[in-house]
Every structure is written in structure tokens, then in C-alpha cells.
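Trainee:
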Amino acid sequence: MDLTQLEMFNAVASTGSITQAAQKVHRVPSNLTTRIRQLEADLGVELFIRENQRLRLSPAGHSFLRYSQQILALVDEARMVVAGDEPQGLFSLGSLESTAAVRIPSTLAHFNQRYPKIHLALSTGPSGTMIDGVLEGALSAAFVDGPLVHPGLEGLPVFPEEMMIVAPYGHAPITRASEVNGANVYAFRANCSYRRHFESWFHADRATRAGSTRWSLTTGCWPASSPAPAWR
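According to this note's numbering, numbering within the sequence shown proceeds without interruption in unit steps and concludes at 1282.
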């Protein structure tokens, strides 16, 4: 099955005549007849009911017509997207939730003004989910926590981030994980890359968490250029 066969099939379906369809697609009738027969053999069904000099769609032909029209429409759309000088089409972007809320709104607004023909679809989630989306082709690109180490992907740093630990007022300054050894800690959910960084901080300092520690989704984001909350 190829696009030429689909175009021929649609021409015959719309005209009900091999002769008229051949004129429409600029082919000789015998070539059209052969290609339609080849398409039917490939599908294993008869697409037309032949009545004297007329052809009308069979039940299978009616079903196939809908899909063939969708395929040809998508092909035309793809040609328009790649043929134009101005970028257009769908751009699926993934992002961490905090990044989407704080870092990129103005960037996306500027992008939309510069490329109005691009339809931007934004999805949010943890880094692992976003990376999987890029690998699977569901996302065109994604903002994730770095550094990115994957043989099938390329990444570059765009925003510096600082991780903070926030304690009640009056708590002694916290500079090491051991200084909150055994405390209840609220952090990021299990599949979040920030969570892994936080756990590594505990592990490197040989610190432990309390048995009743709850590691939940409690997130925050401060731009690295702004004053950071006190570690206390």
C-alpha cells in the first residue's frame, strides 16, 4: 500500500468511474484498474462493488475510505509544515512543576509571540516521567533536573537551582544532614529527582531519618538570583 494507491482509491470512490478517476489523477485507466486490484489484494477485501461501468463502495470500502482520507490529510499537513519558512505544527514540551510555575512562563509567552503558528502543549511531572516522554517520542523536549546522563539524549543547563531545607524559627542553623539526624522530614515524592539529591545529602553525611519520617510532596522554588531563605 502506498500514497498513490490511496489517492487513486479516493478518486474512484468520489467519481464512481475508473475513466473519470483516471482523468482526475492523470493516469491511464488500465493503470488505475491494476493499482486498485493490487490494493484490494493487499488488504484482502473488495473495496468496490462493480456494476457494469460503475463502481460503488463495498461496506469494507466505506470503512477504508474514512481512514484513507485521514492519512492523505495528515500527509498534506506534514508537507505544509516542512515546506514553509516559518516554523509551525505541534511542539510538546515537558517540565518540572516548579519550573513551569516560576521559571518559564515569560519564556513561553515570548516563544508564542515569535512563533504564533506553533501549537505549544505543556506537560508537567517529575524528571523521570519527562525523560521517558522524550525517549518515547511523546515530548519534543523537556526541562528536567540535571545533570542529564543518558546516551540517547542531549541536554544543556538553562537555570541554576538551589535546594533549601526550611526549619521552624529559632532552630539552630543547618549546614549538614547530621544536624537534622532523626528528625521528621517532608520532602519530594519518591520518583522526583530532587528527592534523590536530598537522600544523597543524608547518605553522604551518614545521617538517618526518623522511623516516622514522612517523605511527601512538599515543594518550593526560589530563583537562584534571589535571596535564599535562611537555613534555620
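Yeah, the Cβ is synthetic: ideal placement off N, Cα and C, and Gly gets one too.
In three-state DSSP terms, what is Ile-1026?
Mentor: Look at the range of the chain in this structure, 1051 to 1282, and you will see that residue 1026 is not part of it.
Trainee: Please give the ranges of any alpha helix (DSSP H) in the segment 1140 to 1184, keeping only runs that are unbroken, at least 4 residues long and fully inside the region.
Mentor: The segment 1140 to 1184 contains these whole alpha helix (DSSP H) runs: 1155 to 1164.
Trainee: Taking just the CA atoms, how far does Ile-1181 sit from Leu-1146?
Mentor: Roughly 11 angstroms separates the two Cα atoms.
Trainee: Measure the alpha-carbon distance for Glu-1211 versus Ile-1121 and round it to whole angstroms.
Mentor: Each residue's alpha carbon lies about 45 angstroms from the other.
Trainee: Go ahead and pull the three-state DSSP assignment for Val-1062.
Mentor: Residue state, collapsed to three classes: helix.
Trainee: How many Å lie between Arg-1226 and Pro-1218 at the Cα?
Mentor: Looking at the two C-alpha atoms, the distance is approximately 16 angstroms.
Trainee: For Gly-1183, count the other beta carbons within 10 Å of its own beta carbon; 16 or more makes it buried, fewer makes it exposed. Which is it?
Mentor: Under this definition Gly-1183 is a buried residue.
Trainee: In terms of alpha-carbon separation, which member of Ser-1142, Ala-1159, Arg-1104, Asp-1092 lies closest to Val-1193?
Mentor: This sequence places Phe at residue 1193; Val is not what is there. Comparing Cα positions, the closest option is Ser-1142.
Trainee: Is it buried or exposed, Gly-1202, if we count other Cβ atoms within 10 angstroms and call 16 or more buried?
Mentor: Result: exposed.
Trainee: Let me know the beta strand (DSSP E) ranges lying completely inside the segment 1185 to 1240, each 3 residues or longer, listed in chain order.
Mentor: Taking only runs of at least 3 residues, the beta strand (DSSP E) segments lying wholly in the segment 1185 to 1240 are 1191 to 1193.
Trainee: Could you tell me whether the segment 1059 to 1078 touches the segment 1097 to 1105, where touching means 3 or more Cβ pairs closer than 8 angstroms?
Mentor: In short, these stretches touch, since the Cβ pair count reaches three.
Trainee: Taking the continuous alpha helix (DSSP H) assigned at Arg-1246, which residues delimit it?
Mentor: It spans 1243 to 1254 - the alpha helix (DSSP H) in which Arg-1246 sits, taken as one unbroken run.
Trainee: Hey, out of Ser-1148, Leu-1140, Thr-1083, Arg-1087, whose CA is closest to Thr-1174's CA?
Mentor: Closest by alpha carbon: Ser-1148.
Trainee: From Gln-1088 to Asp-1052, what distance separates their C-alpha atoms?
Mentor: C-alpha separation (whole angstroms): 11 angstroms.
Trainee: Please name the residue or residues paired with Leu-1107 in a DSSP beta bridge.
Mentor: According to DSSP, Leu-1107 bridges with Phe-1098.
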